[in-house]
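Numbering follows the numbering used here, in which position 28 of the sequence shown is assigned residue number 28; successive positions increment by one, without gaps. In what follows, a single structure is set out as structure tokens and then discussed.
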Amino acid sequence: MLPSSSLRINSLGLDHLLQASLERFQPRFASWRRYSSPMSLEDEFLSVQSNKVANTEEDDLNDSPEDPLSKPLSPEEVNMSMRMLFILFDFFANVVISQQLKSLLANSERTKLIKKLSEANQQNRFLKRQLYGKEDALVKFKSELAVMELEVQALVALAEEIAKSGIPEGSRRINGKYIHSHLLSRLEAICEKLKEQIKDVDAAQSNEVPVSWVGMAESVQVMGSFDGWSQGEHLSPEYTGSYTKFSTTLMLRPGRYEIKFLVDGEWRLSPEFPTVGEGLMENNLLIVK
Numbered sequence: 001m002l003p004s005s006s007l008r009i010n011s012l013g014l015d016h017l018l019q020a021s022l023e024r025f026q027p028r029f030a031s032w033r034r035y036s037s038p039m040s041l042e043d044e045f046l047s048v049q050s051n052k053v054a055n056t057e058e059d060d061l062n063d064s065p066e067d068p069l070s071k072p073l074s075p076e077e078v079n080m081s082m083r084m085l086f087i088l089f090d091f092f093a094n095v096v097i098s099q100q101l102k103s104l105l106a107n108s109e110r111t112k113l114i115k116k117l118s119e120a121n122q123q124n125r126f127l128k129r130q131l132y133g134k135e136d137a138l139v140k141f142k143s144e145l146a147v148m149e150l151e152v153q154a155l156v157a158l159a160e161e162i163a164k165s166g167i168p169e170g171s172r173r174i175n176g177k178y179i180h181s182h183l184l185s186r187l188e189a190i191c192e193k194l195k196e197q198i199k200d201v202d203a204a205q206s207n208e209v210p211v212s213w214v215g216m217a218e219s220v221q222v223m224g225s226f227d228g229w230s231q232g233e234h235l236s237p238e239y240t241g242s243y244t245k246f247s248t249t250l251m252l253r254p255g256r257y258e259i260k261f262l263v264d265g266e267w268r269l270s271p272e273f274p275t276v277g278e279g280l281m282e283n284n285l286l287i288v289k
């Protein structure tokens, strides 16, 4: 163990060193006190908080990542970007080509439909011209039959007069009848056949049949079995102020026809005509006598 005298010497040396240090830094402490102002606890707290905020903002600025656009792209990134650009280009090119093909196909189909419609209209006009020609021939034939009927009726009247005037002796007989009676019966049979032929001509001849639709519309068309539901006939509007009357004239032969009106693209029935069928098959009935 160390003697007590040495402990005293060591403690005295430590005190001497501490005193020298205090004397060395005492002027600096004095200057701090001289230039510093007294601060309350609240001011000191606010000062500390502002220093913390400033330090935090400075740290955030120092820790913020660099702008990615300022960095140069690596070769791998350049290749990837080029691949993406080529893929997008191919995609949009395919879209444009697909739209162009669809447009070309639509135009081609439209052209085909227009051509078919034009051919159908030409055929329809040709058939109508033939029909009108046959109608004229029927009218002429009917007139000739009517003239023949009148002549035969005149011959029948003469034969009746001869038969009533008396039968001379020695008159010839045919099938047990005198020639006068036989002539009369033959003329009467010819007259009946002429009447039947005239009726057949009337049945084959088309008649003018008026058809109308009353209501508010822009376009009205009558369709029906008279032409196989193919073309139909457009009705002309007649404005009367309170309503519009659409009308047309159909050339139809005697018979029964089913018709329906196409009003602004929608199928409609007219209350002016009777109906047949049910549901979607319900149509107006047109009877031509």
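We put the beta carbon where it would ideally sit given N, CA and C, even for glycine. Because the structure is a prediction, the values reported are computed rather than measured.
Following the DSSP letters along the chain, one finds Arg172 in no alpha helix (DSSP H), marked with neither H nor E.
If you ignore the 5 residues before and after Ala217, its C-beta comes within less than 6 angstroms of the C-beta of Val263, Asp264, all in its own chain and listed in chain order. The residues Tyr243, Lys245, in chain order, have a CB closer than 7 angstroms to that of Val214 in the same chain once the five nearest residues on each side in sequence are set aside.
When Tyr257, Asn207, Ser236 are compared, the shortest CA-CA separation from Gly224 is found for Tyr257. CA-to-CA, the gap between Val220 and Arg110 works out to about 24 angstroms.
Shown here, Met148 sits in a helix according to DSSP, grouped into three states. Annotation: the continuous alpha helix (DSSP H) that includes Gln197 extends over 179-204. Bridge partners of Gln221 according to DSSP: His234, Leu262. Distance from Ala159 to His180 at the Cβ level is roughly 7 angstroms; contact confirmed, criterion being Cβ atoms closer than 8 angstroms. With at least 16 other beta carbons inside 10 angstroms of its own, Asn284 counts as buried.
Per DSSP, Thr240 is not a residue of any beta strand (DSSP E), being assigned neither H nor E. If you compare the alpha carbons of Phe86, Glu192, Ser247 with that of Glu238, the shortest gap goes to Ser247. Its chain contains Val209, Val211, Phe226, Glu233 as the residues whose beta carbon lies nearer than 7 angstroms to that of Leu250, once the 5 sequence neighbours on both sides are disregarded; these appear in chain order. The C-beta separation of Pro254 from Val222 comes to about 18 angstroms, leaving the pair out of contact by the 8 angstroms criterion.
Taking one beta carbon from each stretch, the region 146-163 and the region 183-199 have 3 or more pairs nearer than 8 angstroms; the two touch.
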